[in-house]
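Down below is the structure, laid out as structure tokens.
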Amino acid sequence: MKILVIGGGGREHALAWKLAQSPGHSVFAAPGNPGIAKIGTCVPLRDGSPEGFLSLAEDIGAELTVVGPEAPLVAGVVDAFRARGRKIVGPDRAAAQLEGSKVFAKNFLLKSSIPTAEYVVVDNEADARRALDRFGFPVVLKADGLAAGKGVVVAHDRAEAEAALATLHGRLVIEEFLTGEEVSFIALCDGRDVLPLAPTQDHKAVFDGDAGPNTGGMGAYSDAAILTAAESREILDRVIYPTVEATGFTGFLYAGMMMTAAGPKVLEFNVRLGDPETQPLMHRMASDFVPALLAAAEGQLGSATLEWRAGPSVCVVLASGGYPGTYEVGRPIAGLDAAEALGATVFHAGTRQGRQGIETAGGRVLGVTAGADSLEDAIGCAYRAVREIRFEGMHYRGDIGRKGLERYNKKNVGT
Ligand code: AMP
Ligand code: GLY
717 MKILVIGGGG REHALAWKLA QSPGHSVFAA PGNPGIAKIG TCVPLRDGSP
767 EGFLSLAEDI GAELTVVGPE APLVAGVVDA FRARGRKIVG PDRAAAQLEG
817 SKVFAKNFLL KSSIPTAEYV VVDNEADARR ALDRFGFPVV LKADGLAAGK
867 GVVVAHDRAE AEAALATLHG RLVIEEFLTG EEVSFIALCD GRDVLPLAPT
917 QDHKAVFDGD AGPNTGGMGA YSDAAILTAA ESREILDRVI YPTVEATGFT
967 GFLYAGMMMT AAGPKVLEFN VRLGDPETQP LMHRMASDFV PALLAAAEGQ
1017 LGSATLEWRA GPSVCVVLAS GGYPGTYEVG RPIAGLDAAE ALGATVFHAG
1067 TRQGRQGIET AGGRVLGVTA GADSLEDAIG CAYRAVREIR FEGMHYRGDI
1117 GRKGLERYNK KNVGT
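All you need for my numbering is the position in the sequence shown, starting with 1, plus 716.
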């Protein structure tokens, strides 16, 4: 079977890498990246419209398409494929509003009695200021529409809130600041049945210790110990199933959860796999992923299962100098083979083929991913590989997975 992956970042490389291991299938990606080009066929994008992707899938003869990023989903790529009877994994345009509009998502959560932070929706600065008075500090301000991970500001005082109001325009959600552990809970859905993936934890802030502005994600790890069975059950029962029931959701439903003292609460919905969560997830998945994806696309998820390796996987993102602000591209990358020789898998995100070899082409450049029997060893393996890689301006967090380690030590997990 020919399988088309839409997208060209680290998430899509990890997905394509996993699918390429499935016997009897060939993987295509649009537009893909140099990492994907080693294991599959990259096809250039004609245009990023739903019809553009559909005609690409028809030309390739793709029997299954999996969508990576949110933009094509919000634009209606799934509706276009279904109208022509072509199998695709993702939500339709209506359900993609759960990610496409924060206001839609919050109103949906409230209406469905799904636990989330208290909030108000404001349309102008006067109302925004009144809301700030109501919530106090810290407070969270969120732009309504898609913002590539940059539309959310946690303001610790009035000055930060004022600065945020100067940059976030249009409709905003202003909400209560929640505290606790953040968990990315992702489930594959077919409109009725649900197949949860293993839990992951992202590291959104740019610097160690969660300091600095938010990014798309500076690293992630997957480990069964991130959630207890009871916590997973509660998220399924209180968040995932009610959402699938109310929306007929198909594809990957990603609930960004805060595990508060008062129980799990939804921070946000995404309607796709997380990036970089997908990198450790694909790395840890023991089963062939194709049967589950096909079952989801066919509305037959009921009997599908997934197995995971017992040990954790960790992904450290290597970013361009300046990211998440402005950065330069075209910097040659050294040490990719040496990193893989140490046992890591290096997923490409923002890279391109230059005249001298692989060079940088984006903010998040690579995701260095490793697994082991213990979280400590997985972290060690990933960072040994990271130290083999060099490009001008490269920066990364040195503490990916560390919070997990501290938490387990406290709970004496594994002793
Ligand atoms: P979002 O895109 O809504 O997930 O927000 C991005 C990040 O901002 C989240 O991953 C959290 O780290 C943080 N955040 C969002 N909403 C809240 C909240 N209500 N309380 C605390 N942190 C939040
Ligand atoms: N890593 C967070 C996201 O994919 O939105």
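Backbone N, C-alpha and C define an ideal beta-carbon position, used for all residues, glycine too.
Compare the C-beta of residue i against all C-beta atoms of chain D and say whether one is closer than 8 Å.
i       : result
Ala1077 : No chain D is part of this structure, which consists of one protein chain only.
With distances taken from CA atoms, which of the options is nearest residue i?
i       : options                            : result
Asp1004 : Leu731, Gly723, Ser738             : Ser738
His999  : His872, Ala1086, Leu848, Gly724    : Ala1086
Leu1034 : Ser1090, Glu1108, Ala1012          : Glu1108
Pro992  : His919, Leu952, Arg1025, Ala753    : His919
Val743  : Leu780, Glu774, Gly726             : Leu780
Asp763  : Val987, Pro747, Gly756, Leu952     : Pro747
Phe853  : Ala877, Ala914, Asp843             : Ala877
Asp1105 : Ala1026, Arg1047, Thr1021          : According to the sequence provided, residue 1105 is Ile. The question's Asp does not apply to it. It is Arg1047.
Met1001 : Asp939, Leu1121, Gly896, Phe923    : Asp939
Ala672  : Leu911, Gly1114, Glu984, Ala1065   : No information on residue 672 is available, as it lies outside the stretch 717 to 1131 that the chain covers here.
Gly1059 : Pro1040, Val1102, Tyr1043, Gly1066 : Val1102
Residue range of the alpha helix (DSSP H) that residue i falls in?
i       : result
Thr916  : That residue, Thr916, is in no alpha helix (DSSP H); its beta strand (DSSP E) goes 916-918.
Asn930  : Segment 927-930 is the beta strand (DSSP E) holding Asn930; no alpha helix (DSSP H) there.
Ser771  : 766-776
Met998  : 994-1000
Val793  : 793-799
Arg1068 : First-last for Arg1068: 1067-1069, but that is the beta strand (DSSP E), not the alpha helix (DSSP H).
Note down the Cα distance separating residue i from residue j, rounded to an integer number of angstroms.
i       : j       : result
Val1084 : Val1062 : 5 Å
Ala1057 : Ala1088 : 15 Å
Leu997  : Val836  : 35 Å
Gly1130 : Tyr1124 : Any answer about Gly1130 is weak, because its pLDDT of 43 lies below 50 and its placement is not dependable; what the coordinates show is given next. Answer to the nearest angstrom: the Cα atoms are 8 Å apart.
Glu961  : Gly777  : 32 Å
Val982  : Ser1029 : 24 Å
Arg887  : Gly740  : 48 Å
Ile951  : Thr931  : 25 Å
Arg874  : Val759  : 48 Å
Tyr937  : His729  : 17 Å
Ala753  : Val856  : 40 Å
Got a sec, what are the start and stop residues for the beta strand (DSSP E) residue i sits in?
i       : result
Ala906  : Reading the sequence as shown, one finds Asp at residue 906 and not Ala. Per DSSP, Asp906 belongs to the beta strand (DSSP E) from 897-906.
Tyr1039 : It is not in any beta strand (DSSP E) - Tyr1039 carries neither H nor E in the DSSP assignment.
Ile722  : 718-723
Arg1080 : 1080-1087
Phe820  : Where Phe820 is concerned, there is no enclosing beta strand (DSSP E), although the alpha helix (DSSP H) it sits in stretches over 818-827.
Val910  : 910-912
His1064 : 1061-1064
Glu984  : 979-986
Leu780  : 780-783
Using the rule of at least 16 other Cβ atoms within 10 Å of the residue's Cβ for burial, across every protein chain shown, is residue i buried or exposed?
i       : result
Leu1091 : buried
Arg850  : exposed
Ala946  : exposed
Arg727  : buried
Lys734  : buried
Asn840  : exposed
Arg800  : exposed
Please list the segments of the beta strand (DSSP E) lying wholly inside the stretch 839-873, counting only runs of 3 or more residues, in order along the chain. Those beta strand (DSSP E) runs which fall completely within the stretch 839-873 and span 3+ residues are 855-859, 868-871.
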